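Number of protein chains: 2
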Amino acid sequence: MCPAERFPARPWAPTTVPGGGAITPPIGPLVRPDRGPAPLTSPARLAEFFAPRRIALVGASETSGWSRFVFAAAAAAGFSGELIPVHPVHRTVFGRPAVRRLADLAAPADLAFVMVPTHAVAEIIEESGEAGRRGAVVLASGYREAGDAGRAEQDLLAGRARELGITLLGPNCLGFVNVHDGAAPFALTLPSPLTPGPVGIALASGALAGVVLGFARSRAIGVSTLVTLGNEAMVTAADVIEYFVEDDRTRAICVFLEDVGDVARLSAAAERADLAGKPIVALKTGSSPAGQRAALAHTGSVTGNDAVANAALRQLNIIRVGSIEELLTTASVLAYGSRPQGRRMGVLTASGGACGLIADHAHAAGFEIPPFAPQTTAAIAAHLPEFATVGNPLDVTGYFLANRREDALTPIDHALDAAVADPGLDFVLFAGVTLPETRPADERLAAQLEDRFAWLGRRIATAPIPVVCLSPACVDVTNYARDVLTRHGIHPLGGIDLGVRAIDGALRWLERRGHVRTLGPRPHASVSGSAWSELDARMFLENFGIPTVPADLADSADAAAVAAQRFGFPVALKACSALIPHKSDIGAVALGLQSAAAVRAAYGQVRSAAEAATGTGIEGVLVSPLRGGGVELLAGVTIDPVFGPVLTVGLGGIWVEVLRDISLRLLPASSSDVAGMLAELRGHALLTGARGREPVDVDALAQVLCRLGEAALSLGDALDCVEINPLWVSGTRIEALDVLVVSEKGPAT
Amino acid sequence: MCPAERFPARPWAPTTVPGGGAITPPIGPLVRPDRGPAPLTSPARLAEFFAPRRIALVGASETSGWSRFVFAAAAAAGFSGELIPVHPVHRTVFGRPAVRRLADLAAPADLAFVMVPTHAVAEIIEESGEAGRRGAVVLASGYREAGDAGRAEQDLLAGRARELGITLLGPNCLGFVNVHDGAAPFALTLPSPLTPGPVGIALASGALAGVVLGFARSRAIGVSTLVTLGNEAMVTAADVIEYFVEDDRTRAICVFLEDVGDVARLSAAAERADLAGKPIVALKTGSSPAGQRAALAHTGSVTGNDAVANAALRQLNIIRVGSIEELLTTASVLAYGSRPQGRRMGVLTASGGACGLIADHAHAAGFEIPPFAPQTTAAIAAHLPEFATVGNPLDVTGYFLANRREDALTPIDHALDAAVADPGLDFVLFAGVTLPETRPADERLAAQLEDRFAWLGRRIATAPIPVVCLSPACVDVTNYARDVLTRHGIHPLGGIDLGVRAIDGALRWLERRGHVRTLGPRPHASVSGSAWSELDARMFLENFGIPTVPADLADSADAAAVAAQRFGFPVALKACSALIPHKSDIGAVALGLQSAAAVRAAYGQVRSAAEAATGTGIEGVLVSPLRGGGVELLAGVTIDPVFGPVLTVGLGGIWVEVLRDISLRLLPASSSDVAGMLAELRGHALLTGARGREPVDVDALAQVLCRLGEAALSLGDALDCVEINPLWVSGTRIEALDVLVVSEKGPAT
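Structure (structure tokens):
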């Protein structure tokens, strides 16, 4: 077992090394700090913050668009509490009496919604503190996103709010919308009606709030609270996630991120969400160089390497999606109804075209559409005309639509009734929920429709397996349809492409549950790292139980020849020096030497090349046997500026260089994590015996890679990079053929 | 130059071989048949067919749902012509006077819409003919999709219609909707309103018509005519495409296909569409095994291998998409406004979040977002607050929304004005077209909005580069917004994900224009193919100018040793026999023989193994030099049951076996086609000098592969497969190391 598995909660702690080798002294904090929220941003505090009954609108004015929006938002959300304008000059604002200063309020407001210019914000926060306000939303921009001075100003603001006991959302944010409680201190247009529901939303880009709520409305997806995060000076995405985890009205969490902020805090929130069974779905920008530029311009965030972000979100079981539509649709699959427990799907449609499209998308996403059990087929066939083909996917055909019925139920409903009892299915995708756009004028027909959907709602609620409903295209659910569907607890996904992607996202979340761990603080890359000599690097890794190829340090041609003869030919020679990390670039490496004479000659060449490059500092020349056959891997630990230490593993040669076939994990990683990394490589088959190769001992390999991570972490904040390239594997034999360690401090002596 | 390039119109014609080698006699048709539509399905005839003014509804009855739908569809489409029920019993149907038989009509109807049961259809067609009807739509099912008897019945029906001069749509179809002319003989619910416009639609699955038209309405995409194809007994998808090509009101064509039908006919239609500049966008099912099952159940089509379908559609410059939403959105990009000519995009948004998302999607799809020219930046900056960052992608921020304006134009409009003049951009993606859901009650505001959109419409129409408008999410365009946008010629795409994919699809179409060629008739796979002896296969390919590795046919161990000495060691031996296509499986191959003694020994073993496997029929043992280094490819021609002869090219080893890295083209393929195949291989870099390899003569390689296609086609209908595996390439040296030919007839003697 890999040490990380034994001490998952203390990733930076020292480790004992199998085999009793020397222990490199750990650098960095030994005690894992608490990664939970601070008191001012605790779930309990935020529950209060997000449900204000008295809101002071500081800086409200009829000439300000923001003010107009805030009053309109309160109306859209049906706010029944008090909105009190605070303005030094105006006596009324939009018909409401204003006070001059916060201190003039008869009783403290629950929340100050601060719309004053940037330069006046600090004073308002002071006044808030004096007036006993416990919460403030700050709209003004010109902080972190405006460079170093702005960042300092922001830190000052947050620090002062902390001292005054004020929970601060923003700055540079638009507020929030608590749909359940009808509180919407929010400064842009809101779509109407807002439907309360189980999806909590946190957005780094406030201007997207209207778009997100508009899509939610169009698909009848209910929202608990939407929070715009702004610059996250105090309340962060992680805090809002933890609030949602504790909020009984929220069943799934959507976040739009431009950066991940404090990775350790986010991981703690993700762990809590995973334990609580509340999925987090994330839309994160920054996968393109231009996207990174946009994020910089917007909030001044540092956006890390996107492949690392991908790996990190996966590790935290945060479902990463690609669009606003997918964000909400994926959350709705998990927020409504019961959750599919596997990938075997029954498909019921009223069109052969939809059947084919669903099958294609499902196949691409890794779903299985198994044949129905005989009893299911028989039960469905009883309700279809003789010429119909009963199979999975099922097309009941438009036939039933054209035949007047006395019964409220249609053949596809009977098919649903049968399919949910099929023992070979994990869930049913039901594309039979199309409603007319408006209530039929014919009362009998309207009543029949109502009966049908009431039956469907009951059948779905009591079905032994989940039923996911699907509309054939992504168009708005009309008011009439939304009313009928919502009343009966039916929540169709918007379109085949989006719907199948959302179910796939939901399944990925379910499949990865239970493995999220809170990460420790992430060390930064050292700015002045230098390479160790290969001999030091080899010893360092050997002490962590990583096997290296045998090597002798020779200081003469004769010694080299003797060593070569002992190892057997062919051998390799390379100069050993801390000053030459890339030896082959300068000719300080000789490979495939077949005789003592060749070794002697090569010794001179390698030594001369190294000395020509560095002058002195050559420790000698390393002689090693040459390995052939087997598989070569690349394995390394580097420091991502956002995510900290990352383990990268790939197959050597074209796999990395041409195909970029690599797998990443934030450290620490257990050996089972690493086994997962190997399994996700496209070239994985080469390890398990493809093309007549000998299968590799994957467990042993995973342990070695796991120890590489341990070794790298033991360097703490001094770590810059540790790399094995290649790591040679042949059957059960594993050897690091070439190693590199770069750190701020040199090797421990 | 490869022969196929010289005779593109006669792909099956005999070819002269460079170097004056023997010519294999061509088999199969020498004369290319006309691939245009038959007179009854010509564009002119269909133009008449799709614009009926008098429609006889044969079998109309108030007890039939179909009839109800047809009357409702006529109302939804605003049909102003005559609907005449024809029924043997009913005197009126839904209030309209009925006639008993078609012959009883005072004047012939333009179209018979036939809703009678399957067994009565043939008689109605006879009556139609007698009554001088020129067109019929047949709803009844139970034909091709019902097996062999149904298929025969369908052939009979179509044949009789042809004799009677009747254009027949269906059977098993739901009719069509001509939106411009308001003619909708169509038997399911239609969404209302129907907006006339430039997108023509043909659907293999009639039940999807409502979904497709519903999505078109939701995104304000106007439709010219929608046709449901049913079983395509006479009128096929290709015919409808050619009708759309000639139809001035159609600018882009959408097709939903379950199978491609007659590939040669489709290719002719695709060539005409490409020449006319009318893009075809296709949604085709069958990419999954289950999808293929669904298609079979639905219309009894044979769905071919999906990778071949992908290659074929690409070759025909038909844009393949993955969803109904993408089908219409892609068509709308190409149907409305001017078309982007390149991938350098300017991006204008009012939200940093949208900026980042667009940048990410654009990057993934291969778009470039270059920095603005200095004059563009300066012009935009003049309209933004000082703290705003001006760059591409541009976020004008929500700022402007919150400030009352006297001017109708907003900062994002001024940014558009500047960006369209930027010399470094090919088009502008403009996400600034959000409208309120309803007309503002404030008349001044409503007029200001109208002025703004009028200005935008004019600016877009006169801009030197195309402007593609984008809504931030895929939600319905409201009636008010549809009205304003359509009036000013503005057609926003529905959401970032869908929008960027659609623009990418449009660009792919533009990039591939001008290369579509009508394909000849596609031979079928022979059922009784047998392998040729390797010596015959080698000679056959050599006659087409394909270099093969030197080989001597030895009939004794001594002769083998002499040949080996002449070639130089190491050599390979393999048994030569038409009866052993896979020699290495039975031990009839020996590789890496280093001496005459080894060759002698191996001769005996190889010969024995071959004789043990086949008894007699051994022509001898082939001796060849062994090749090393370089790159090995796999190249072969096989017959796809739908698409006919297909050339497959891939890199050997893991590339094909682990990564499935292959490229396909329907034959004939020119050497530039083949060069394109090589370029799209993921391992292409291995051919151009990656990892220190010697670059390969790609032009010469492409010519050899092109000749392989020629050789295969020369076998005509007898062709089963021709394969070179491996094809060895090292610098300028190219040699087929192992070849296989399987055909119905043996080699020409």
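Protein sequence lines correspond, in order, to chains A and B. Position 44 (the first sequence) corresponds to 167 in this note's numbering; numbering is contiguous. Position 65 (the second sequence) corresponds to 188 in this note's numbering; numbering is contiguous. Using N, Cα and C, we set each Cβ at its ideal position, and we do this for glycine too. These numbers come from a predicted model, not from an experiment.
Under the criterion of beta carbons closer than 8 Å, glycine 384(B) and threonine 359(B) qualify as touching, at roughly 5 Å. One finds Phe338, Ser341, Ser446, Ile447, Glu448, Cys597, Val598, Gly617, Gly618 and Leu621 in chain A with Cβ atoms closer than 9 Å to the Cβ of cysteine 597(B), taken in chain order. Secondary structure at leucine 782(B): coil, using DSSP grouped into helix, strand and coil. Taking cysteine 478(A) as the centre and dropping the five residues before and after it, the same chain places the C-beta of Val470, Thr472, Pro516, Leu517 and Asp518 closer than 8 Å to its C-beta, in chain order. For alanine 196(B), no chain A residue has a Cβ inside 9 Å of its Cβ, as the nearest lies near 13 Å away. Taking a Cβ-Cβ threshold of 8 Å, the residues of chain B close to phenylalanine 379(A) are Gly476, in chain order.
If one requires a minimum length of 4 residues, the alpha helix (DSSP H) runs lying completely within the stretch 497 to 556 of chain B are 497 to 504 and 534 to 542, in chain order. Interface criterion not met: the Cβ of arginine 567(A) is under 8 Å from no Cβ in chain B.
Here arginine 177(B) really is in contact with aspartate 233(B); their C-beta atoms are around 5 Å apart, less than 8 Å. Shown in chain order are the members of the stretch 259 to 278 of chain B whose Cβ falls below 9 Å from a Cβ of chain A: Ser264, Gly265, Glu268 and Ala269. One finds nothing in chain B with a Cβ atom closer than 7 Å to the Cβ of serine 165(A); even the nearest lies about 27 Å away. Sorting Pro748(B), Trp778(B) and Arg788(B) by C-alpha distance to the C-alpha of aspartate 763(B) places Arg788(B) at the top.
In this structure, glycine 333(A) sits near leucine 313(A), with a CB-CB distance shorter than 8 Å. Proline 220(B) and valine 260(B) have their C-alpha atoms spaced approximately 21 Å apart. Beta bridge pairing from DSSP links aspartate 763(A) with Gly767(A). About 38 Å separates the beta carbon of valine 864(A) from that of tryptophan 632(A), a gap too long to meet the 8 Å contact definition. Taking the Cα of proline 818(A) as reference, the smallest distance to any Cα among Gly839(A), Ala825(A), Val852(A) and Glu846(A) is reached at Val852(A). For serine 251(B), no Cβ of chain A is located within less than 8 Å of the residue's own Cβ. DSSP, read as helix, strand or coil, puts lysine 706(B) in helix. Contact annotation, valine 797(A) with cysteine 829(A): C-beta distance approximately 5 Å; criterion of less than 8 Å satisfied. Proximity to tryptophan 578(A) across His611(A), Gly329(A), Tyr459(A) and Met662(A) peaks at His611(A), based on C-alpha coordinates.
Contact between leucine 716(B) and valine 722(B) holds: CB atoms are separated by about 5 Å, below the 8 Å threshold. Using a CB distance cut-off of 8 Å, threonine 453(B) does not count as an interface residue toward chain A. Nearest CB-CB separation between arginine 176(A) and chain B: not below the 8 Å threshold. Fully contained in the stretch 666 to 719 of chain B are the following alpha helix (DSSP H) runs of length 4 or more, in chain order: 680 to 690.
The beta carbon of histidine 486(B) sits closer than 8 Å to some beta carbon of chain A. According to DSSP, residue pairing for glycine 854(A) in a beta bridge does not occur. Under DSSP, serine 653(B) forms a beta bridge with Ser866(B). If you compare the alpha carbons of Asn295(B), Thr761(B) and Ala196(B) with that of aspartate 840(B), the shortest gap goes to Thr761(B). For threonine 609(A), no CB of chain B lies under 8 Å from its own CB, so it is not counted at the interface with that chain.
Residue-level contact check: phenylalanine 510(A) touches chain B, since one or more beta carbons of chain B fall below 8 Å from its beta carbon. For the pair lysine 407(A) and phenylalanine 367(A), the CB atoms are not nearer than the 8 Å cut-off. Taking C-beta separations shorter than 7 Å and ignoring five residues to either side along the sequence, the partners of glycine 806(B) in its chain run Leu774, Trp778 and Asp784, following chain order. In this structure, the CA atom of threonine 739(B) is about 37 Å from the CA atom of leucine 824(B). Using beta-carbon distances, aspartate 304(B) does not count as an interface residue toward chain A, since no partner is under 8 Å. Remark: three or more beta-carbon pairs, one from each stretch, lie closer than 8 Å, so the stretch 527 to 546 of chain A and the stretch 579 to 598 of chain A are flagged as touching.
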